[in-house]
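So the protein lines, in turn, are chains A, B, C and D. Under our numbering, think of the first position of the first sequence as 111, with each following residue one higher. Under our numbering, think of the first position of the second sequence as 111, with each following residue one higher. Under our numbering, think of the first position of the third sequence as 204, with each following residue one higher. Under our numbering, think of the first position of the fourth sequence as 204, with each following residue one higher. Just below is one structure, and these are the notes that go with it.
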Amino acid sequence: MKIVVQSEPFDLGAEVDAMRAGRTDIGAIASFVGLARDMNAGSGVAAMTLEHYPGMTEKALARLVDDANARWALLDITVIHRIGRLLPGDPIVLVAVASPHRGEAFAACEFIKDFLKTQAPFWKKEETPEGTRWVEARASDDAAAARWSRD
Amino acid sequence: MKIVVQSEPFDLGAEVDAMRAGRTDIGAIASFVGLARDMNAGSGVAAMTLEHYPGMTEKALARLVDDANARWALLDITVIHRIGRLLPGDPIVLVAVASPHRGEAFAACEFIKDFLKTQAPFWKKEETPEGTRWVEARASDDAAAARWSRD
Amino acid sequence: MTLRIIYFARLRERFGMAEESLDFAGVTAADLVAALQVRGGAWAEELAAGRAFRVAVNQDIVALDAALPDGAEVAIFPPVTGG
Amino acid sequence: MTLRIIYFARLRERFGMAEESLDFAGVTAADLVAALQVRGGAWAEELAAGRAFRVAVNQDIVALDAALPDGAEVAIFPPVTGG
Numbered sequence: 111m112k113i114v115v116q117s118e119p120f121d122l123g124a125e126v127d128a129m130r131a132g133r134t135d136i137g138a139i140a141s142f143v144g145l146a147r148d149m150n151a152g153s154g155v156a157a158m159t160l161e162h163y164p165g166m167t168e169k170a171l172a173r174l175v176d177d178a179n180a181r182w183a184l185l186d187i188t189v190i191h192r193i194g195r196l197l198p199g200d201p202i203v204l205v206a207v208a209s210p211h212r213g214e215a216f217a218a219c220e221f222i223k224d225f226l227k228t229q230a231p232f233w234k235k236e237e238t239p240e241g242t243r244w245v246e247a248r249a250s251d252d253a254a255a256a257r258w259s260r261d
Numbered sequence: 111m112k113i114v115v116q117s118e119p120f121d122l123g124a125e126v127d128a129m130r131a132g133r134t135d136i137g138a139i140a141s142f143v144g145l146a147r148d149m150n151a152g153s154g155v156a157a158m159t160l161e162h163y164p165g166m167t168e169k170a171l172a173r174l175v176d177d178a179n180a181r182w183a184l185l186d187i188t189v190i191h192r193i194g195r196l197l198p199g200d201p202i203v204l205v206a207v208a209s210p211h212r213g214e215a216f217a218a219c220e221f222i223k224d225f226l227k228t229q230a231p232f233w234k235k236e237e238t239p240e241g242t243r244w245v246e247a248r249a250s251d252d253a254a255a256a257r258w259s260r261d
Numbered sequence: 204m205t206l207r208i209i210y211f212a213r214l215r216e217r218f219g220m221a222e223e224s225l226d227f228a229g230v231t232a233a234d235l236v237a238a239l240q241v242r243g244g245a246w247a248e249e250l251a252a253g254r255a256f257r258v259a260v261n262q263d264i265v266a267l268d269a270a271l272p273d274g275a276e277v278a279i280f281p282p283v284t285g286g
Numbered sequence: 204m205t206l207r208i209i210y211f212a213r214l215r216e217r218f219g220m221a222e223e224s225l226d227f228a229g230v231t232a233a234d235l236v237a238a239l240q241v242r243g244g245a246w247a248e249e250l251a252a253g254r255a256f257r258v259a260v261n262q263d264i265v266a267l268d269a270a271l272p273d274g275a276e277v278a279i280f281p282p283v284t285g286g
């Protein structure tokens, strides 16, 4: 398991290669890269700055990874989230999950991504032609996370 | 869109970097790598050989990609499937989907992966201590594909 | 009509051939399967009712009641197992 | 009791401070929020009933009826928007 918050870019290929190095028990690695877009809520975005809550961020991500491990038979998980100022096209977040089977890898990757959006203390501020603005949380993100609840 | 059947290894990082090069409209890239395992159906697997139906394979994959594009707002798709003899730990298949939004990228990636398992004419033959054997199709693969049907 | 018939994977191995050219007097894919079953042995076994195999005509999977056009490339193979 | 209170993102900017140390006579997170609202201005606005904000105690998000332990690190912030 690897959980990192960093300002530097990450390398998807290197991270996935590290997960599978020397192993022959992995059947599937599902991964997700979120990128900064040039457009949000109808405005051009020239840049964004990601703020976080040091300490709690790592704790929240570790809990998410634990939850995923408790729900599915997984072999490895990597989560990397960037902070600081990012330009459109820059990668923001990487989630990669290795499992013996593809179904579990996919489900766990999407689970982590969905809860990261609603549980991990990161906030985005965008620079637009109308000035800077804090991104508002979206109800659709809560809905995406809620579909994982077990009744 | 990129669809390739090849015996050579592929490079996940390079493929995903190529998808996002010079673009600022991608919000998410979901990807999937399927790997050869050392174990299947209770037996050790020393190696596997992938056979395919040249011509129909490319056609079936192109149709899958078209279907995904028709269902979701996607920006790019890459599908690479290897053929020939592979060892445990070797990557077999890569599916990567770029979209403005994460939900679409994930859904389309999983859709392509599920139908590839049931629609694309590839067959695996495994080398085990008990001899070589053709892998049998699994009902769970049909079930995974069937969940995408629109009633 | 004349058909080009190709076999893959386990069927290719069991039939001992990768492809053949066949003069065919029937109409549908089911007629072709019946004509091949008559050969007996592996043909009768692998193409028996209830066995899982697929038929593609000109590289599209078809149902057994599909009509075969003259000159068609007909492929017969086990359920696929790639990915 | 004494609390260390930290603010993030829009709340940090609107309150004009990243953190403060506070002597607090109440019991729950709701009591703390009420005590901050009394300051008026941005405090009253941002922490009004119906506004979306989160409270974390010692780095775990809690409900407003959670009791605050002495010496706690209490964070107040907008709904998160990372990922």
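Ideal Cβ placement from N, Cα and C applies to all residues, glycine included. As the structure is a computational prediction, the values presented were derived from the model and not from experiment.
Could you check whether the Cβ of B/Leu-160 sits closer than 8 Å to any Cβ belonging to chain C? As a position in the second sequence, residue 160 of chain B is number 50, starting the count at 1. Yes, its Cβ sits closer than 8 Å to a Cβ of chain C.
Are the region 175-188 of chain A and the region 144-158 of chain A in contact at 8 Å, needing three or more beta carbon pairs? With a cut-off of 8 Å, the region 144-158 of chain A and the region 175-188 of chain A do not count as touching, because too few Cβ pairs lie within range.
If we define contact as Cβ-Cβ less than 8 Å, is B/Pro-239 a contact residue for chain A? Residue mapping note: residue 239 of chain B aligns to position 129 of the second sequence, counting from 1. No, B/Pro-239 lies away from the interface with chain A (no Cβ there is under 8 Å from its Cβ).
Mind checking if C/Arg-254 is an interface residue toward chain B, Cβ cutoff 8 Å exclusive? Translated into the one-based positions of the third sequence, residue 254 of chain C becomes position 51. Output row for C/Arg-254: interface = no.
Among D/Ala-252, D/Val-265, D/Asn-261 and D/Asp-268, which residue has its Cα nearest to the Cα of D/Ile-208? As a first step, residue 208 of chain D must be located in the fourth sequence, where it is residue number 5. That would be D/Asn-261, whose Cα lies nearest to the Cα of D/Ile-208.
At which residues does the beta strand (DSSP E) containing C/Gln-262 begin and terminate? Within the third sequence, numbered from 1, the residue matching residue 262 of chain C stands at position 59. Premise fails: C/Gln-262 is in no beta strand (DSSP E) and is neither H nor E.
Cross-strand partners of A/Ser-259 (DSSP beta bridge): As a working mapping, residue 259 of chain A is identified with position 149 in the first sequence. Beta-bridge pairing links A/Ser-259 to no other residue.
For a test of the three-state rule: what should DSSP assign to B/Ile-136, helix, strand or coil? In the second sequence, residue 136 of chain B corresponds to position 26, counting from 1. Residue state for B/Ile-136 is assigned as coil, using DSSP reduced to three classes.
CB-CB length for B/Ala-157 against C/Val-283, believed under 8 Å: The residue given as residue 157 of chain B occupies position 47 in the second sequence. The residue given as residue 283 of chain C occupies position 80 in the third sequence. Actually they do not touch by this definition, with Cβ atoms about 20 Å apart.
Out of curiosity, what's the CA-to-CA distance linking A/Ala-253 and A/Phe-225? Counting from 1 along the first sequence, the entry for residue 253 of chain A is found at position 143. Counting from 1 along the first sequence, the entry for residue 225 of chain A is found at position 115. The alpha-carbon separation between A/Ala-253 and A/Phe-225 amounts to approximately 10 Å.
Could you tell me which chain A residues have their CB closer than 8 Å to the CB of D/Val-283, listed as they occur along the chain? Taking the first residue of the fourth sequence as position 1, residue 283 of chain D is located at position 80. In chain order: Lys-227, Thr-228, Gln-229, Ala-230, Pro-231, Phe-232, Trp-233 and Ala-247.
DSSP-derived helix/strand/coil call for A/Phe-221: Your numbering for residue 221 of chain A matches position 111 in the first sequence. In the displayed model, A/Phe-221 falls within a helix according to three-state DSSP.
Along chain D, which residues have their Cβ under 8 Å away from the Cβ of A/Lys-223? Here residue 223 of chain A corresponds to residue number 113 of the first sequence, with the count starting at 1. Residues of chain D passing the Cβ test: Gly-286.
Determine the burial state of C/Arg-254: buried for a count of at least 16 other Cβ atoms within 10 Å of its Cβ, exposed for fewer. Translated into positions along the third sequence, residue 254 of chain C becomes position 51. Under this definition C/Arg-254 is an exposed residue.
Look at the alpha carbon of B/Ile-193 and the alpha carbon of B/Ser-117, and state the distance between them as a whole number of angstroms. Mapped onto the second sequence, residue 193 of chain B falls at position 83. Mapped onto the second sequence, residue 117 of chain B falls at position 7. When only Cα atoms are considered, B/Ile-193 and B/Ser-117 end up about 5 Å apart.
Assign C/Val-230 to buried or exposed, taking buried as 16 or more other Cβ atoms, counted over all protein chains shown, within 10 Å of its Cβ. Counting from one through the third sequence, the residue named residue 230 of chain C turns up at place 27. Exposed, since its Cβ has fewer than 16 Cβ neighbours within 10 Å.
Given A/Val-61 as reference, the closest of A/Arg-195, A/Lys-223, A/His-211 and A/Gly-213 once Cα atoms are compared: Only positions 111 to 261 of chain A appear in the structure, and residue 61 of chain A is not among them; the question remains open.
Could you name the residues of the region 166-192 of chain A whose beta carbon sits closer than 7 Å to any beta carbon of chain E, in the order they occur along the chain? Annotation note: the requested chain E is absent from the structure, which comprises protein chains A, B, C and D.
Closer than 8 Å, Cβ to Cβ, to anything on chain A: give me those residues from the region 133-145 of chain B, in chain order. Those residues of the region 133-145 of chain B that come within reach of chain A (Cβ to Cβ, closer than 8 Å) are Arg-133, Thr-134, Asp-135, Ile-136, Gly-137, Ala-138, Ile-139, Ala-140, Ser-141, Phe-142, Val-143, Gly-144 and Leu-145.
What is the rounded straight-line gap between the Cα of A/Ala-172 and the Cα of A/Trp-182? Within the first sequence, the letter at position 62 stands for residue 172 of chain A. Within the first sequence, the letter at position 72 stands for residue 182 of chain A. When rounded, the distance between both Cα atoms is 16 Å.
Buried or exposed for C/Pro-272, going by 16 or more other Cβ atoms inside 10 Å? Along the third sequence, one-based indexing puts residue 272 of chain C at 69. Flag for C/Pro-272 reads exposed.
Spell out whether any CB of chain D is found under 8 Å from the CB atom of A/Trp-258. As a first step, residue 258 of chain A must be located in the first sequence, where it is residue number 148. Taking Cβ atoms only, chain D never reaches closer than 8 Å to A/Trp-258, which makes this a no.
Would you list, in chain order, the members of the region 189-216 of chain B that have their beta-carbon closer than 7 Å to a beta-carbon of chain C? Considering only beta carbons, the part of the region 189-216 of chain B lying closer than 7 Å to chain C consists of His-191 and Val-203, in chain order.
So, with DSSP's three-state summary, where would you put B/Ala-253? Position 143 of the second sequence holds residue 253 of chain B. Looking at B/Ala-253 - three-state DSSP - the assignment turns out to be helix.
For B/Thr-238, report the span of its beta strand (DSSP E) as first-last. Here residue 238 of chain B refers to the residue found at position 128 of the second sequence. From DSSP, the beta strand (DSSP E) with B/Thr-238 extends over 232-238.
In chain A, which residues lie less than 8 Å from B/Arg-147 when you measure between Cβ atoms? In the second sequence, counting from the first residue as 1, residue 147 of chain B sits at position 37. Within 8 Å Cβ-Cβ: Thr-134, Asp-135, Ile-136, Gly-137 and Pro-210.
Can you name the start and end residues of the beta strand (DSSP E) that B/Trp-244 belongs to? Here the question's residue 244 of chain B lines up with position 134 in the second sequence. Start and end: 241-244.
Report the neighbours of C/Ala-278 on chain B: residues whose CB is nearer than 9 Å to its CB, in chain order. Looking up residue 278 of chain C in the third sequence gives position 75. Listed by position along chain B, the residues whose Cβ is nearer than 9 Å to that of C/Ala-278 are Tyr-163, Met-166 and Pro-231.
What are the partner residues of D/Tyr-210, as DSSP defines its beta bridges? The residue given as residue 210 of chain D occupies position 7 in the fourth sequence. When beta bridges are read from the DSSP output, D/Tyr-210 appears opposite D/Ile-279.
Between C/Phe-227 and chain B, is there a C-beta pair that is closer than 8 Å? As a working note, residue 227 of chain C is residue 24 in the third sequence. No, C/Phe-227 lies away from the interface with chain B (no Cβ there is under 8 Å from its Cβ).
Could you compute how far the alpha carbon of A/Lys-112 sits from the alpha carbon of A/Asp-176? Translated into positions along the first sequence, residue 112 of chain A becomes position 2. Translated into positions along the first sequence, residue 176 of chain A becomes position 66. Spanning the alpha carbons of A/Lys-112 and A/Asp-176 requires a straight line of approximately 12 Å.
Three Cβ pairs or more, each shorter than 8 Å: is that satisfied between the region 124-140 of chain A and the region 203-217 of chain A? Contact annotation: the region 124-140 of chain A touches the region 203-217 of chain A, with at least three C-beta pairs closer than 8 Å.
For chain B, check one thing: does any of its Cβ atoms lie closer than 8 Å to the Cβ of C/Ala-259? Along the third sequence, read from residue 1 onward, the residue named residue 259 of chain C stands at position 56. Under the 8 Å criterion on CB atoms, C/Ala-259 is classed as interfacial with respect to chain B.
When the Cβ atoms of the region 224-238 of chain D are set against those of the region 234-248 of chain C, are three or more pairs found closer than 8 Å? Pairwise C-beta distances place the region 224-238 of chain D out of contact with the region 234-248 of chain C, as fewer than three of them are shorter than 8 Å.
For D/Leu-239, which residues from the same chain have a beta carbon less than 7 Å from its beta carbon, with the 5 sequence-adjacent residues on both sides left out? Position 36 of the fourth sequence holds residue 239 of chain D. Hits under 7 Å: Trp-246 and Leu-250.
At 4 residues or longer, and completely inside the region 154-207 of chain A: list those alpha helix (DSSP H) runs for me, N to C. With a minimum length of 4 residues, the continuous alpha helix (DSSP H) runs that stay inside the region 154-207 of chain A are 166-181.
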